[in-house]
Amino acid sequence: GLGGTSGGQREFVPVLARAAVAVGVAGLFVETHQDPEKAPSDGPNMVPLDQMR
Numbered sequence: 005g006l007g008g009t010s011g012g013q014r015e016f017v018p019v020l021a022r023a024a025v026a027v028g029v030a031g032l033f034v035e036t037h038q039d040p041e042k043a044p045s046d047g048p049n050m051v052p053l054d055q056m057r
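According to this note's numbering, the sequence shown is numbered sequentially starting from 5.
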């Protein structure tokens, strides 16, 4: 495993974010981009902007 990271697998972002909020995390930082595959950096870690709600 990669410890406390998703390893660039953005499909885990919603679950990890909800788990963090459930245990009392005060805020979240979520990397987003309109087209993560074309992002200048960290594309695999980014959530597509249209999936943010």
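All C-beta atoms, glycine included, are put in the ideal place defined by N, C-alpha and C. It should be emphasised that the depicted structure is a prediction, and the values quoted were computed from it without experimental measurement.
| Query | Result |
| --- | --- |
| Whose CA, out of D54, R57, M56, D46, lies closest to the CA of G12? | D46 |
| Quick check on P40: does DSSP put it in helix, strand or coil? | helix |
| Name the one or two DSSP bridge partners that P52 has. | H37 |
| Helix or strand or just coil, what does DSSP make of G47? | helix |
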